[in-house]
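See below for the structure under consideration.
There are 2 protein chains.
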Amino acid sequence: MPTFRSNIVVFNLIARRAFTTTSTKNMGFVEKVRLLDYWKIQDSALQSEFPRSRLVLMVDRRLLVTKDQPDVQMVELSFDDLKQRLGEYGLQFDLSNSCLLDALSTDVDMIPLFGTSIDAADPPEDSPISKKEVLKQLGNSLGGRFTDIRMAMLTMREERQRNLLAKFQSLTKWASIYRRCPKCAAALKMRSSKSGAECVTCQRVYYPTFSPVSITLITDPTNEHALLVRHRGSAGGVFTAVAGFAHSGESMAECARREIAEEVGIEVDSIRSLDMSQPWPMPDSSLMIAHVAVAKIDQKISVCPDELETAQWFTRHQVKEALTTTLADPLLKNLPRTLDDRQTLHYIPPAGAIAHQMIRQWVDGKLENHNSRI
Amino acid sequence: MPTFRSNIVVFNLIARRAFTTTSTKNMGFVEKVRLLDYWKIQDSALQSEFPRSRLVLMVDRRLLVTKDQPDVQMVELSFDDLKQRLGEYGLQFDLSNSCLLDALSTDVDMIPLFGTSIDAADPPEDSPISKKEVLKQLGNSLGGRFTDIRMAMLTMREERQRNLLAKFQSLTKWASIYRRCPKCAAALKMRSSKSGAECVTCQRVYYPTFSPVSITLITDPTNEHALLVRHRGSAGGVFTAVAGFAHSGESMAECARREIAEEVGIEVDSIRSLDMSQPWPMPDSSLMIAHVAVAKIDQKISVCPDELETAQWFTRHQVKEALTTTLADPLLKNLPRTLDDRQTLHYIPPAGAIAHQMIRQWVDGKLENHNSRI
Ligand SMILES: [Zn+2]
Ligand SMILES: [Zn+2]
């Protein structure tokens with residue numbers, strides 16, 4: 043089940059022969075998956091592909107996206123273009139600050155898609171131009187603009203774009219933390235792909251981690267009311283479903299049941315998974331897995347003050363209005379500003395969030411209570 | 043969403059008052075969950091409960107279970123009993139080699155359930171008695187016997203027992219590895235519960251990790267055939283479903299599709315999740331999430347030699363016979379011994395494995411192809 047074992051040598055010999063003696067053009071899905079697997083662990087093969095690669099970019103943890111609104115996409119650049127444009131601003135990139143995201147088909151073969159994350163130095167104190175202005179010009183010269191990662195996750199329409207961004211952010215953050223072996227404190231040798239790192243002393247291999255998270259839409263037994271919550275520190279007036287990290291030794295259903303008890307203080311009668319999941323990279327890397335649960339509406343709600351400002355039952359009509367508001371204002375530009383109004387349901391998360399999809403399906407009557415089980 | 047933030051202080055003050063001024067007797071589920079959460083992070087509170095706790099035990103990574111066959115359970119001991127019996131063998135335990143597993147109700151309040159993992163010193167060279175014999179006697183004196191963890195996971199009938207064992211093994215292994223900060227190499231201060239560790243220098247907090255794994259039963263479009271695989275190094279004649287760790291940036295469905303391509307070299311037309319999941323602690327900690335997928339049967343199978351010895355399509359009747367054999371011999375005592383026979387379908391995994399449940403549901407016609415989607 044773990045992907046890499048001693049016997050991998052055999053497979054690599056087969057793979058190397060396959061990938062060096064035949065063209066990678068017109069590869070099917072199986073070949074693409076195996077090529078990515080090969081690039082992930084073969085640093086020298088990946089290094090030799092790097093100058094032919096295409097790249098997406100973060101500068102100071104802000105993502106380069108197309109200028110179109112609201113349907114944004116990551117801007118993909120060729121290696122040479124990126125090198126030249128960044129060079130004009132005194133910026134550099136290399137394999138050390140890049141991670142492998144995907145394999146792309148060209149007319150003749152397959153090439154890697156990398157994510158490159160660089161930090162821009164502050165301009166000199168006597169500079170006539172601010173850093174913000176520099177980044178704006180750099181974005182322009184690269185055919186796009188820099189934006190907040192969370193906002194990009196919430197608003198990008200294509201699942202592929204969101205999942206690539208989740209991978210980009212997760213691998214970048216993981217690779218910035220895993221420098222030393224947690225067991226013996228020796229240096230870790232990071233793979234070029236950023237898909238693993240090996241201790242130079244004890245040979246233990248560490249992989250990028252992310253945790254399963256249950257996200258659960260709670261309804262009452264009539265299925266006409268939903269319990270939504272407002273997180274501390276989230277944008278005013280935005281309500282969403284209850285979510286939380288799974289703990290060791292829990293099934294996903296047990297995780298959902300515990301998180302609901304911890305966060306809103308109620309017990310649910312049944313929990314069902316929804317066959318929807320989404321990688322989500324902030325604040326920590328996770329894989330959100332959607333559930334529905336049924337709870338009696340007369341239970342006393344007691345929110346965990348560490349996490350939540352409020353949790354309330356809403357009618358399907360109230361939630362539908364918030365959905366409509368959100369769809370009409372996908373960038374949440376008209377968030378309520380007064381303190382009172384911030385505690386009222388105005389928005390749900392934008393369409394890029396799995397919570398949006400779950401709530402929307404419920405509003406549309408597509409999440410029935412049938413088939414529910416403990 | 044992350045469980046612990048700065049504002050936790052507020053909640054702790056509330057919690058401390060609640061848990062010290064009222065009896066913990068007759069707590070509901072919500073109170074139990076919040077008490078466990080409090081014990082997890084409050085070392086001093088957990089330390090003061092330790093002498094009142096009940097404990098389950100591993101010695102040399104073997105688990106103490108009841109003598110009954112085949113329905114084994116972990117042996118639960120009182121702190122005083124365990125201290126006395128181990129002491130008779132020159133063995134000790136304390137909080138440092140124990141992890142918090144659960145909260146148990148007594149007649150008057152709630153007490154912690156710990157898992158304690160100790161290593162037994164080898165007997166002196168001139169000892170008349172072998173270590174194996176010593177452990178057998180120790181097991182007897184504790185009212186049980188020591189057994190292999192994997193076999194215990196595969197054969198314990200109660201989900202609660204299996205999940206507690208998964209937690210015990212996962213936290214024990216994690217706590218043995220996470221001694222130094224991967225970012226700055228300073229010492230990590232481990233919580234008494236083993237639910238987290240904080241860097242003494244950079245204050246970064248690390249949590250026990252486990253990864254989502256897709257486990258997928260592949261059927262043909264008629265739903266009369268299933269594709270099962272035999273893992274390298276697994277017991278002879280045992281076939282199971284395709285499984286593999288999710289990678290950063292993948293949904294669970296994408297993970298299942300990629301793992302199937304990587305491991306058996308075929309493409310599937312549809313994937314659906316089954317609302318079944320199971321924590322599994324070996325070889326690495328994971329959360330297995332069950333799926334079904336449909337694939338055309340005429341595709342050429344090409345197994346990844348690193349992982350698998352073989353992958354084959356079987357009829358429902360063939361799988362049913364293997365299920366019957368497995369149920370009649372749940373400890374797999376009659377595994378085939380000749381090399382040829384080891385490559386033939388004789389068994390599926392025992393009832394403690396989620397693969398067993400998935401395959402059994404399919405044999406019984408409970409996994410229909412309806413509702414399938416890409
Ligand atoms: Zn090491
Ligand atoms: Zn540190």
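Going down the list, the sequences are from chains A and B.
Heads up: the first sequence begins at 43 in our numbering, then just goes up one per residue.
Heads up: the second sequence begins at 43 in our numbering, then just goes up one per residue.
Yeah, the Cβ is synthetic: ideal placement off N, Cα and C, and Gly gets one too.
Buried or exposed: which applies to residue i, given that a residue is buried once 16 or more other Cβ atoms fall within 10 Å of its Cβ?
i                : result
His446 (chain B) : With chain B represented from 43 up to 416, any question about residue 446 (chain B) goes unanswered, as that position is not in the structure.
Ser12 (chain B)  : What the structure shows of chain B is the stretch from 43 to 416, and residue 12 (chain B) is not part of that stretch, so it cannot be assessed.
Asp406 (chain A) : exposed
Thr63 (chain B)  : Its pLDDT being 44, under 50, Thr63 (chain B) is placed unreliably by the model, and nothing is read from it.
Leu207 (chain A) : buried
Asn205 (chain B) : buried
Thr261 (chain B) : buried
Glu175 (chain B) : exposed
Leu269 (chain B) : buried
Ser140 (chain B) : buried
Lys347 (chain A) : Note that residue 347 (chain A) is Pro in the sequence shown, not Lys. Result: exposed.
Lys215 (chain B) : buried
Candidates the options: which alpha carbon is nearest residue i's?
i                : options                                : result
Arg76 (chain A)  : B:Phe252, B:Gly407, B:Gly307, B:Lys173 : B:Gly307
Pro392 (chain B) : B:Ala87, B:Ala303, B:Met195, B:Asp136  : B:Met195
Glu200 (chain B) : B:Gln399, B:Gly394, B:Lys408, B:Arg402 : B:Gly394
Phe92 (chain B)  : B:Ser120, B:Gln115, B:Arg104           : B:Ser120
Pro165 (chain B) : B:Leu270, B:Cys241, B:Gly132, B:Phe281 : B:Gly132
Val117 (chain A) : A:Thr386, A:Asn182, A:Ile390, A:Asp102 : A:Asn182
Thr366 (chain B) : B:Val280, B:Leu142, B:Leu105           : B:Val280
Glu349 (chain B) : B:Pro254, B:Gln203, B:Ser276           : B:Ser276
Quick one: does residue i have its CB under 7 Å from some CB of chain B?
i                : result
Pro254 (chain A) : yes
Val176 (chain A) : no
Gly394 (chain A) : no
Asn205 (chain A) : yes
Val72 (chain A)  : yes
Ser315 (chain A) : yes
Val361 (chain A) : no
Leu196 (chain A) : no
Ala208 (chain A) : yes
Pro147 (chain A) : Reading the sequence as shown, one finds Ser at residue 147 (chain A) and not Pro. It does not; no Cβ of chain B falls within 7 Å.
Val271 (chain A) : no
Met193 (chain A) : no
Met324 (chain A) : no
Compare the C-beta of residue i against all C-beta atoms of chain A and say whether one is closer than 7 Å.
i                : result
Glu130 (chain B) : no
Ser90 (chain B)  : no
Thr261 (chain B) : no
Ala227 (chain B) : yes
Ile219 (chain B) : yes
Gly278 (chain B) : no
Thr243 (chain B) : no
Pro154 (chain B) : no
Thr251 (chain B) : yes
Leu329 (chain B) : yes
Leu99 (chain B)  : no
Leu124 (chain B) : no
Ser235 (chain B) : no
Glu200 (chain B) : no
His398 (chain B) : no
My output table needs one value for residue i: the three-state DSSP class, helix, strand or coil.
i                : result
Glu349 (chain B) : coil
Tyr131 (chain B) : coil
Ser172 (chain A) : coil
Thr108 (chain B) : coil
Leu373 (chain A) : coil
Ser120 (chain A) : strand
Asn413 (chain A) : Legend: pLDDT at Asn413 (chain A) = 41, less than 50; position of this residue unreliable, value from coordinates given subsequently. Residue state, collapsed to three classes: coil.
Thr45 (chain A)  : No answer about Thr45 (chain A) holds up, because its pLDDT of 39 lies below 50 and its placement is not dependable.
Lys236 (chain B) : coil
Phe281 (chain B) : coil
Phe92 (chain B)  : helix
Phe454 (chain A) : Given that chain A is displayed from residue 43 to residue 416, the structure contains no residue 454 (chain A) and the question cannot be resolved.
Tyr220 (chain B) : coil
Quiz item: Can at least three beta-carbon pairs, one atom from the segment 223 to 237 of chain B and one from the segment 376 to 383 of chain B, be found at a separation below 8 Å?
Solution: no
Quiz item: Given 8 Å as the limit, is there contact between the segment 239 to 247 of chain B and the segment 348 to 359 of chain B, that is, 3 or more CB pairs closer than that?
Solution: Result no; under three Cβ-Cβ pairs closer than 8 Å.
Practice problem: Evaluate contact between the segment 307 to 316 of chain B and the segment 218 to 228 of chain A, counting only Cβ atoms and requiring at least three cross-stretch pairs below 8 Å. | Solution: no
Exercise. Indicate whether the contact test is met: 3 or more Cβ pairs, each with one atom in the segment 311 to 331 of chain A and one in the segment 311 to 320 of chain B, closer than 8 Å.
Key: yes
Self-check item: the segment 151 to 162 of chain B in contact with the segment 84 to 102 of chain B per 3-pair CB rule at 8 Å
Solution: Per the Cβ contact rule, the segment 151 to 162 of chain B is in contact with the segment 84 to 102 of chain B (3 or more Cβ pairs under 8 Å).
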